[in-house]
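Visitor:
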Amino acid sequence: MHSTDSADAPRKSAVVADDTARSRDASRPGRLQGALFQSIGDAGRAELVERRLASAITGGHLRAGERLPSENDLARSFGVAPTTVRESLLALRSQGLVVTRRGRNGGSFVADSADPVAHARTALSATSRVALRDLGAHYAAITAACVRLAARRAVPSEVQQVRSRLARLDESDLEQWRSTLDDAQIELVALSQSARLTREQMRLQAEMSPMLRLIDVDETSRQAQPALLASVVDAVEAGDDHEAVAATERMVDAVINALIDLQSQSR
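The opening position of the sequence shown corresponds to residue 62 in the working numbering, with each subsequent residue numbered one higher.
Right, dumping it as structure tokens:
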């Protein structure tokens, strides 16, 4: 018995040390913030910056009237030159998504006319049922890959941050409701510690989020979505990667079916 305990001691010490190191990492700014402004790197062309910011605006992550970081700050965050950011902001202004104000309190701001709901209605009506199913399949595949890794790599303190975000859901404010759910989803998949997968999931989240706003007004769907996401969080916290994937597939199936039903009603 004593020799077995001695043999296990190094492994236990390694586990404790690893968990302690991860706990220290969890005390730093959350993975969500880092995920939102990941460096674009060598692919840092103006159209990619434009697409990233446009998705954040139409997805409701950046709200009407919200001030954007300075051009230099955006350039540092995205890993591109300030001139590249300037070019992307010019394109966003031409689309009516961003306005620029001069003076002491000036800068670039999300335009008041940037309406995610109007964008969502147009996007849903222009998307076929087959395309919706395909979008759901892609989203489920990427998210499942993320939560599988998260179940293996995340520590309880990191998962608790996601739970804390879900606890702040407020049904009286549907804009906040969707933004909080999206942020919780991104924070959860960021626990995969895979920058590539997280970046792709964020792109898909931005594509789907505006349409999901349309089903948030339905009480049944609104109550089901956080419960489905919570079941994924439960599986990740338990370290059950198989259940995390299964719960993700159930969650995606539910929202895609709700979107198809809504699409059918509007035609």
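Note that the Cβ used here is the ideal one computed from N, Cα and C, for glycine as well.
Quick check: what's the CA-CA separation for I247 versus Q262?
Guide: On the sequence shown, position 186 is the one that residue 247 refers to. On the sequence shown, position 201 is the one that residue 262 refers to. Straight-line Cα distance between these residues: approximately 8 angstroms.
Visitor: Counting along the chain, where does the alpha helix (DSSP H) carrying V297 start and finish?
Guide: Start at 1 with the first residue of the sequence shown, and residue 297 comes out as number 236. From DSSP, the alpha helix (DSSP H) with V297 extends over 280–299.
Visitor: Less than 6 angstroms between the CB of S255 and some heavy atom of the ligand ADP, yes or no?
Guide: As far as ligands go, the structure on display features none, and thus does not contain the ligand ADP.
Visitor: Buried or exposed: which applies to T309, given that a residue is buried once 16 or more other Cβ atoms fall within 10 Å of its Cβ?
Guide: Taking the sequence shown and counting its residues from 1, one reaches residue 309 at position 248. Its Cβ being crowded by 16 or more others within 10 Å, T309 is buried.
Visitor: In terms of alpha-carbon separation, which member of E127, P143, A205, L273 lies closest to S255?
Guide: Position 194 of the sequence shown, counted from the first residue, corresponds to residue 255. It is A205 whose Cα lies nearest to the Cα of S255.
Visitor: Go through its chain and collect everything with a Cβ distance to R264's Cβ below 8 angstroms, but skip five positions before and after it.
Guide: Along the sequence shown, one-based indexing puts residue 264 at 203. Same-chain partners within the cutoff: S116.
Visitor: DSSP three-state label for S169, please.
Guide: Numbered from its first residue, the sequence shown carries residue 169 at position 108. If DSSP states are grouped into helix, strand and coil, S169 belongs with the strands.
Visitor: Just reading off the alpha helix (DSSP H) that R213 is part of, what are its end residues?
Guide: One-based indexing of the sequence shown puts residue 213 at position 152. First-last of the alpha helix (DSSP H) with R213: 190–214.
Visitor: Taking the beta strand (DSSP E) that R162 falls in, what are its first and last residues?
Guide: Numbered from 1 along the sequence shown, position 101 holds the residue referred to as residue 162. Segment 159–162, the beta strand (DSSP E) holding R162.
Visitor: If you pair each beta-carbon of the region 112–131 with each one of the region 155–175, do three or more pairs fall below 8 angstroms?
Guide: Verdict: yes, contact present.
Visitor: Identify whether R128 lies in helix, strand or coil by the three-state DSSP scheme.
Guide: Counting from one through the sequence shown, the residue named residue 128 turns up at place 67. Here R128 sits in strand by DSSP.
Visitor: Under 8 angstroms by Cβ, that's how I've got P271 and A181 pegged, so tell me the actual separation to the nearest angstrom.
Guide: For the purposes of this step, residue 271 is identified with residue 210 of the sequence shown, where counting begins at 1. For the purposes of this step, residue 181 is identified with residue 120 of the sequence shown, where counting begins at 1. Confirmed, about 4 angstroms.
Visitor: With respect to the alpha helix (DSSP H) encompassing L185, which residues constitute its N-terminal and C-terminal limits?
Guide: Walking along the sequence shown from the start, residue 185 turns up at place 124. That run of the alpha helix (DSSP H) goes 177–186.
Visitor: Does the beta-carbon of R163 have 16 or more other beta-carbons within 10 angstroms, so that it is buried, or is it exposed?
Guide: In the sequence shown, residue 163 corresponds to position 102, counting from 1. That one is exposed.
Visitor: Could you spell out where the alpha helix (DSSP H) holding E304 opens and where it closes?
Guide: Here residue 304 corresponds to residue number 243 of the sequence shown, with the count starting at 1. Residues 302–326.
Visitor: State the DSSP-derived secondary structure class of S155, mapped to helix, strand or coil.
Guide: Position 94 of the sequence shown, counted from the start, is the residue given in the question as residue 155. DSSP places S155 in helix when its eight states are reduced to three.
Visitor: Do S282 and A319 have their C-beta atoms within less than 7 angstroms of each other?
Guide: Residue 282 sits at position 221 when you count from the first residue of the sequence shown. Residue 319 sits at position 258 when you count from the first residue of the sequence shown. Yes. Within cutoff.
Visitor: Could you tell me the distance, in whole angstroms, from the CA atom of A245 to the CA atom of R226?
Guide: For the purposes of this step, residue 245 is taken as the residue at position 184 of the sequence shown. For the purposes of this step, residue 226 is taken as the residue at position 165 of the sequence shown. Rounded to whole angstroms, A245 to R226 spans 6 angstroms at the Cα level.
Visitor: Only counting the same chain, and skipping five residues up and downstream in sequence, which positions put a Cβ closer than 7 angstroms to that of R224?
Guide: Here residue 224 refers to the residue found at position 163 when the sequence shown is read from its first residue. Once the five neighbours on either side are set aside, the close Cβ partners of R224 are V294.
Visitor: Looking at the structure shown, is L230 part of a helix, part of a strand, or coil, going by DSSP?
Guide: Working through the sequence shown from its first residue, we reach residue 230 at position 169. Coil at L230, not helix or strand.
Visitor: What are the boundary residues of the alpha helix (DSSP H) that V250 is part of?
Guide: For the purposes of this step, residue 250 is identified with residue 189 of the sequence shown, where counting begins at 1. First-last of the alpha helix (DSSP H) with V250: 235–251.
Visitor: Cβ of A202 within 7 angstroms of Cβ of A305?
Guide: On the sequence shown, residue 202 is found 141 positions in, with the first residue counted as 1. On the sequence shown, residue 305 is found 244 positions in, with the first residue counted as 1. No, the Cβ-Cβ distance between A202 and A305 is not below 7 angstroms.
Visitor: I'd like the span of the alpha helix (DSSP H) that includes S270, first residue to last.
Guide: For the purposes of this step, residue 270 is identified with residue 209 of the sequence shown, where counting begins at 1. 256–277 is the extent of the alpha helix (DSSP H) around S270.
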